[in-house]
Ligand code: GDP
Ligand code: ZN
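In UniProt numbering, the protein residues as written are 1 to 458.
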């Protein structure tokens, strides 16, 4: 079946004055060439850019002034011919060009279809393809870095190393099973198997630990601001939103149309929960009742509990502390400019291990410390996204969990004295599961790989 030529507006990240219509497929150059008045695109060198005009074939009139890049297969993102039409007239202009391209034989690309082609044509592996999707949805620069790293093949490399380790171990054990006449061989194989599965298990566990952070980087740290009426919740919300880049997204498919707001605090994307609710009624607890609010709170990754320095701790506050036990909270003592009535020592006692930050939001005091505290709860133990390989993809997390389980099965088997060729089955399964992460075909037989690598003495 002939591959068709897809097209879409692929405006670069961030708002630019230039918008791009991209074509990919065997007809990309000829479709663009027919519409372009300037050099003959069919004749130009690959990876060159040309100034000219897009002509509306219906009227023969000039539609737009453009710059057109021609990139021929296979050295392109999709490994197909790609043409990019750069329009500088903004949205109206780029839409017009897209319409003309569609009318001239291009098919509108589905979301992610360019990336899908890159994967199908072997340009990138599955985890890289997924990273591109994440990139499109990345909410903050830091999240974007993680996606970029993954696209770079960082996760793939790590997974490949782990698989290689398992493969070598299996190969050695295989050799030993083939030559059982050497009697210390059994003992050696056993030790090696134990050692290597332990190492891989450790690495897989580490990767899984990054999953929480990865999820947060992608989806935002679900954050609820709570406290009695009039303590400064709205003020806090406004401070966070105004000091930081806020991204507002609508979440469709929810019973009421919740507006989610994202703010970027030191690279940590906060997803402020139920902000509309707080704004409308000033008090989430009052509005939905203690029971329901407990439910909302349970979905939060982080609670900002606001207290008033100018007021004593009362039963409502204590009830809130009680409801928030075992949760990740930051206590904010606001209105530090007022006459003290709050017993800070008592607050610290209630707060336990959680940080207590003093602010005077009306005077913009203490906001830096608060933002540090927020960043600290996320980057516990000096985690630096720059040096980490994050797992942020649900499918990867599921597969890693399965791999971990298979490794534990292998380890338990060895402890119980199960014969090594049985243990091999679990290790082989681990190798296959890890392969699914990078989209390496599961059907490619392990034995073929073993032979290609070691020839097993034949
Ligand atoms: P909410 O009901 O918890 O959302 O509280 P608001 O943010 O609406 O604030 C209630 C009142 O407290 C407003 O009049 C604010 O201007 C005021 N307020 C907020 N922060 C401070 C502060 O640090 N010091 C003082 N003195 N007043 C504040
Ligand atoms: Zn308010």
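Beta carbons are placed, not taken as given, at the ideal position from N, Cα and C, and that holds for glycine.
What is the DSSP secondary structure of residue 415, counted as helix, strand or coil? helix
Span of the alpha helix (DSSP H), counted from its first residue to its last, around residue 318: 315 to 323
If residue 336 sits next to residue 365, beta carbons under 8 Å apart, how far is it from one beta carbon to the other, in whole angstroms? 7 Å
Chain-order list of residues whose beta-carbon lies under 7 Å from that of residue 108 (same chain, five-residue window excluded): 7, 8 and 102
Starting from residue 56 and walking both ways along the beta strand (DSSP E), at which residues does that stretch end? 48 to 56
Look up residue 107 in the DSSP assignment and say whether it is helix, strand or coil. strand
Three or more C-beta pairs closer than 8 Å, one from the region 78 to 88 and one from the region 116 to 125: is that the case here? yes
Could you check if residue 423 is buried or exposed, using at least 16 other CB atoms within 10 Å of its CB as the buried criterion? buried
Quick one, which of 299, 198, 316 and 100 has its alpha-carbon nearest residue 409's? 198
By alpha-carbon positions, which one of 29, 262 and 63 ends up nearest to residue 41? 29
When every heavy atom of ligand 1 is checked, does at least one fall within less than 8 Å of the C-beta of residue 314? no
I'd like the list of long-range same chain contacts for residue 228, defined as Cβ closer than 6 Å, with 5 residues on each side in sequence excluded. 316
Segment contact flag, the region 189 to 198 with the region 297 to 308, C-beta cutoff 8 Å, min 3 pairs: no
Nearest to residue 236 by CA position, among 169, 307 and 221, is which residue? 307
Can you tell me whether DSSP reads residue 10 as helix, strand or coil? coil
Assigned secondary structure, residue 66 (DSSP; H/G/I helix, E/B strand, else coil): strand
Neighbour-count burial assignment, residue 128, 16 or more Cβ in a 10 Å radius: buried
My output table needs one value for residue 384: the three-state DSSP class, helix, strand or coil. Bear in mind that the predicted position of residue 384 carries a pLDDT of just 42, short of 50, making it unreliable; the figure below should be weighed with that in mind. In the structure shown, residue 384 sits in coil (DSSP, three-state: anything other than H, G, I, E or B).
Give the DSSP bridge partners of residue 84, in chain order. 22 and 69
Around ligand 1, Cβ to any heavy atom closer than 6 Å, ordered along the chain: 227, 229, 230, 231, 232, 233, 234, 235, 282, 334, 335, 337, 338, 360, 361 and 362
Can you give the Cα-Cα distance for residue 459 and residue 163, rounded to whole angstroms? Beyond the ends of the chain as shown, which are 1 and 458, falls residue 459; an answer cannot be given.
Sheet register partners of residue 227 (DSSP bridge): 306
Applying the criterion that 16 or more other CB atoms from any shown protein chain within 10 Å of the CB defines a buried residue, is residue 5 buried or exposed? buried
According to the neighbour-count rule (16 or more other Cβ atoms, all chains shown, within 10 Å of its Cβ), is residue 301 buried or exposed? buried
If residue 272 sits next to residue 313, beta carbons under 8 Å apart, how far is it from one beta carbon to the other, in whole angstroms? The pair is not a contact, with the Cβ atoms about 25 Å apart (cut-off 8 Å).
With a threshold of 7 Å on Cβ separation, who are the neighbours of residue 369 within its own chain once the five nearest residues in sequence on each side are excluded? 357
Give me whichever residues DSSP pairs with residue 270 in a beta bridge. 221 and 263
Could you work out which residue in 19, 114, 94 and 84 is closest to residue 3 when comparing CA atoms only? 114
Could you check the C-alpha separation between residue 282 and residue 325 for me, to the nearest Å? With a pLDDT of 48 at residue 282, under the threshold of 50, the modelled position of this residue cannot be trusted; read the value that follows with caution. So the alpha carbons of these two residues sit roughly 23 Å apart.
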